[in-house]
Amino acid sequence: MPLALLALAIGAFGIGTTEFVIMGLLPEVASDYGVSIPTAGYLVTGYALGVMFGAPLMTVLGTKVPRKRMLMLLMGLFIVGNLLSALAPAFSVMLIGRVVASLAHGAFFGIGSVVAAGLVAPHKKAGAIAMMFTGLTVANVVGVPLGTLIGQSVGWRVTFAVVAALGVVGLAGVAKLVPDVPRAEGVRLRHEMAAFKNVQVLLAMAMTVLGFGGVFAAITYIAPMMTRVAGFADGSVTWLLVLFGLGMVGGNLVGGRFADRALMPMLYISLGALSVVLALFTLTAHNKIASAVTVVLIGALGFATVPPLQKRVLDHAHGAPTLASAVNIGAFNLGNALSAWLGGVVIAAGFGYTAPNWVGAVLAAAALVLAVLSAALERRGSAPGAVVAGSVPAERPAAVHH
Numbered sequence: 215m216p217l218a219l220l221a222l223a224i225g226a227f228g229i230g231t232t233e234f235v236i237m238g239l240l241p242e243v244a245s246d247y248g249v250s251i252p253t254a255g256y257l258v259t260g261y262a263l264g265v266m267f268g269a270p271l272m273t274v275l276g277t278k279v280p281r282k283r284m285l286m287l288l289m290g291l292f293i294v295g296n297l298l299s300a301l302a303p304a305f306s307v308m309l310i311g312r313v314v315a316s317l318a319h320g321a322f323f324g325i326g327s328v329v330a331a332g333l334v335a336p337h338k339k340a341g342a343i344a345m346m347f348t349g350l351t352v353a354n355v356v357g358v359p360l361g362t363l364i365g366q367s368v369g370w371r372v373t374f375a376v377v378a379a380l381g382v383v384g385l386a387g388v389a390k391l392v393p394d395v396p397r398a399e400g401v402r403l404r405h406e407m408a409a410f411k412n413v414q415v416l417l418a419m420a421m422t423v424l425g426f427g428g429v430f431a432a433i434t435y436i437a438p439m440m441t442r443v444a445g446f447a448d449g450s451v452t453w454l455l456v457l458f459g460l461g462m463v464g465g466n467l468v469g470g471r472f473a474d475r476a477l478m479p480m481l482y483i484s485l486g487a488l489s490v491v492l493a494l495f496t497l498t499a500h501n502k503i504a505s506a507v508t509v510v511l512i513g514a515l516g517f518a519t520v521p522p523l524q525k526r527v528l529d530h531a532h533g534a535p536t537l538a539s540a541v542n543i544g545a546f547n548l549g550n551a552l553s554a555w556l557g558g559v560v561i562a563a564g565f566g567y568t569a570p571n572w573v574g575a576v577l578a579a580a581a582l583v584l585a586v587l588s589a590a591l592e593r594r595g596s597a598p599g600a601v602v603a604g605s606v607p608a609e610r611p612a613a614v615h616h
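Numbering (this note's numbering), first residue to last: 215 to 616.
Structure, rendered in structure tokens:
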């Protein structure tokens with residue numbers, strides 16, 4: 215494993231911690247600012263929307279900057295945003311801090327995915343991407359539960375100050391370990407934009423929005439769901455987040471391993487099972503043991519989709535992948551924002567704290583439908599004499615097994 219992958223994983227650890235830690239602290243933040251839990255959920259939605267819009271914006275701004283320097287600048291922006299959240303005197307200011315931090319998220323993972331894939335042999339690309347995303351998943355085993363514990367014990371502001379310190383460590387890791395990667399010569403913004411004419415790139419992004427949106431529909435409201443429905447004590451949210459994180463780590467590694475062998479079957483299995491598990495969560499949420507097991511499965515199945523979807527975008531945007539890669543990270547967070555908002559809507563409508571699970575199940579099922587459609591179009595396009603509509607002429611992408 216190149217040490218540069220470790221540096222990228224360190225940065226991903228800090229970003230993953232700030233993205234997910236807010237879910238375990240929603241009741242505390244809502245109480246401190248005197249807002250409802252659905253309103254506090256805007257901190258999740260706002261961050262996700264910031265990633266969605268920030269991913270292409272920061273990537274375009276960074277087209278003239280060497281990739282290593284851009285990664286360092288993004289970590290600096292991340293640090294500033296988390297310090298602002300920690301010091302925010304009002305809810306609106308905290309929301310601004312969350313958005314500022316989120317602007318670094320999509321571009322960091324998008325550029326980082328391209329750097330990671332370029333450090334290894336073609337048949338190991340998904341594994342390299344998964345290695346970088348391991349930092350994000352480990353954050354859910356260590357960073358998020360620890361941040362939740364700190365927030366519940368000494369205050370959520372301390373949690374965000376610690377997250378800012380993690381950003382400093384990530385910045386140092388990138389500066390020390392990531393090699394100087396020159397900008398790709400001859401690739402301009404119009405080349406990067408051409409990838410979005412490829413229907414397979416767009417379908418992969420739509421699968422990303424819907425599939426991971428299914429995860430966030432349930433997990434955004436895990437604290438009130440587990441404490442007010444399953445009957446767990448407030449302090450139990452910490453170890454429940456550990457279970458979710460362990461599931462994410464396992465799913466990410468399995469997804470990375472099999473995406474290099476059988477990408478589409480991996481998506482069929484993970485998305486189909488995710489839809490079923492989310493639907494069942496409506497029932498299992500009423501039992502402590504069953505709900506804990508379900509939380510693990512949601513983490514595993516949800517993150518099993520990440521390496522194959524990111525690799526699929528890179529494969530089909532092979533001529534100029536940086537912007538498409540970053541936008542796909544934004545697509546993950548568009549799904550997060552959409553599902554967090556829909557989850558808040560059904561709760562506010564009086565359907566109860568388990569209602570977001572049905573939202574998640576429908577979103578994951580829709581992603582599965584798109585996966586089947588994508589494969590069918592690809593098979594038709596690979597027939598003799600066929601041309602896939604919207605494809606971008608370039609060198610042939612890495613082989614994807616079905």
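Just so it is clear, CB atoms sit at the ideal spot from N, CA and C, and this is done for glycine as well.
Assuming the contact rule is C-beta atoms closer than 8 angstroms, A575 and S489 should be a hit. Round their C-beta distance to whole Å, please.
The sequence position of residue 575 within the sequence shown is 361, counting from 1. The sequence position of residue 489 within the sequence shown is 275, counting from 1. At roughly 5 angstroms, the Cβ-Cβ gap stays under 8 angstroms, so A575 and S489 are in contact.
From P303 to V313, what distance separates their C-alpha atoms?
The count along the sequence shown starts at 1 and reaches residue 303 at position 89. The count along the sequence shown starts at 1 and reaches residue 313 at position 99. Distance between the alpha carbons of P303 and V313: 16 angstroms.
Taking A344 and L467 to be in contact with their CB atoms under 8 angstroms, please state how far apart those CB atoms are, rounded to whole angstroms.
Here residue 344 is taken as the residue at index 130 of the sequence shown, counted from 1. Here residue 467 is taken as the residue at index 253 of the sequence shown, counted from 1. Contact holds; Cβ gap of about 6 angstroms.
Starting from the Cα of A579, find the closest Cα among I483, P522, F517 and give me that residue.
Here the question's residue 579 lines up with position 365 in the sequence shown. Ranked by how close their Cα comes to the Cα of A579, the residues I483, P522, F517 have I483 in first place.
In terms of alpha-carbon separation, which member of D394, S553, A589, L587 lies closest to W572?
The count along the sequence shown starts at 1 and reaches residue 572 at position 358. Measuring from the Cα of W572, the nearest candidate turns out to be S553.
Using 10 angstroms around the beta-carbon of R526, count the other beta-carbons present and answer buried if the total reaches 16, otherwise exposed.
On the sequence shown, position 312 is the one that residue 526 refers to. Counting the other Cβ atoms within 10 Å of the Cβ of R526 gives 16 or more, which makes it buried.
Would you decide whether D394 is buried or exposed? Buried here means 16 or more other CB atoms lie within 10 Å of its CB.
As a working mapping, residue 394 is identified with position 180 in the sequence shown. It is exposed - the Cβ of D394 has fewer than 16 other Cβ atoms within 10 Å.
Just tell me which of L317, L455, V583, M439 has its CA closest to the CA of V356.
Mapped onto the sequence shown, residue 356 falls at position 142. Nearest C-alpha to V356: L455.
Can you find a C-beta in chain C that's less than 8 angstroms from the C-beta of I229?
Judged by its chain identifiers, the structure shown contains no chain C, having just a single protein chain.
Comparing alpha-carbon positions, which option in L591, T508, L309, V377 lies nearest G459?
Your numbering for residue 459 matches position 245 in the sequence shown. Here the closest residue by C-alpha is T508.
Kindly give me the distance between the Cβ atoms of V328 and V392, rounded to whole angstroms, as I take these residues to be in contact under 8 angstroms.
The sequence position of residue 328 within the sequence shown is 114, counting from 1. The sequence position of residue 392 within the sequence shown is 178, counting from 1. Not a contact, Cβ separation roughly 12 angstroms.
Pick helix, strand or coil for F446, following the three-state DSSP scheme.
For the purposes of this step, residue 446 is taken as the residue at position 232 of the sequence shown. Three-state DSSP puts F446 in coil, outside helix and strand.
In this structure, does DSSP put Y256 in helix, strand or coil?
Within the sequence shown, residue 256 is the residue found at index 42, counting from 1. It is helical.
Under the assumption that M289 contacts L385 (Cβ atoms under 8 angstroms), give the Cβ distance between them as a whole number of angstroms.
As a working note, residue 289 is residue 75 in the sequence shown. As a working note, residue 385 is residue 171 in the sequence shown. Right, their Cβ atoms sit about 4 angstroms apart.
How many Å lie between V372 and I364 at the Cα?
Within the sequence shown, the letter at position 158 stands for residue 372. Within the sequence shown, the letter at position 150 stands for residue 364. In a straight line, the C-alpha of V372 is about 7 angstroms away from that of I364.
Between the region 268-283 and the region 555-569, can you find at least three pairs of beta-carbon atoms closer than 8 angstroms?
Contact between the region 555-569 and the region 268-283 is absent: fewer than 3 CB-CB pairs across the two stretches fall below 8 angstroms.
What residue does the alpha helix (DSSP H) around F565 start on, and which one ends it?
The residue given as residue 565 occupies position 351 in the sequence shown. F565 -> no alpha helix (DSSP H), and no H or E assigned at all.
Between M346 and L219, how many whole angstroms is the CB-CB distance? I'm expecting something under 8 angstroms.
Counting from 1 along the sequence shown, the entry for residue 346 is found at position 132. Counting from 1 along the sequence shown, the entry for residue 219 is found at position 5. Contact flag correct, Cβ pair sits at about 6 angstroms.
Nearest to G295 (by Cα), restricted to the options T232, A590, N542
Counted from its first residue, the sequence shown places residue 295 at position 81. With distances taken between Cα atoms, G295 lies closest to T232.
What are the uninterrupted segments assigned as beta strand (DSSP E) that are 3 or more residues long and contained completely in the region 337-423, given in chain order?
none
Integer Cβ distance of F194 from L285, believed to fall under 8 angstroms:
Summary: the structure shown does not reach residue 194, with the chain confined to residues 215 through 616, and so no result is reported for it.
Terminal residues of the alpha helix (DSSP H) in which T496 lies:
Translated into positions along the sequence shown, residue 496 becomes position 282. First-last of the alpha helix (DSSP H) with T496: 477-498.
CB of L417 within 8 angstroms of CB of L577, strictly:
Counted from its first residue, the sequence shown places residue 417 at position 203. Counted from its first residue, the sequence shown places residue 577 at position 363. Not in contact: L417 and L577 (Cβ atoms no closer than 8 angstroms).
Applying the 10 Å Cβ sphere with the 16-neighbour rule, what's the burial state of G516?
Residue mapping note: residue 516 aligns to position 302 of the sequence shown, counting from 1. Its Cβ being crowded by 16 or more others within 10 Å, G516 is buried.
Per-residue DSSP class, three states only, for S299
Looking up residue 299 in the sequence shown gives position 85. Correct three-state label for S299: helix.
Beta-carbon proximity check, H319 vs I229, cutoff 8 angstroms:
The sequence position of residue 319 within the sequence shown is 105, counting from 1. The sequence position of residue 229 within the sequence shown is 15, counting from 1. Cβ atoms of H319 and I229: closer than 8 angstroms.
Cutting at 6 angstroms between CB atoms, please list the residues of its own chain near F546, excluding the five before and the five after it.
Here the question's residue 546 lines up with position 332 in the sequence shown. Closer than 6 angstroms at Cβ, skipping near neighbours: T422, F426.
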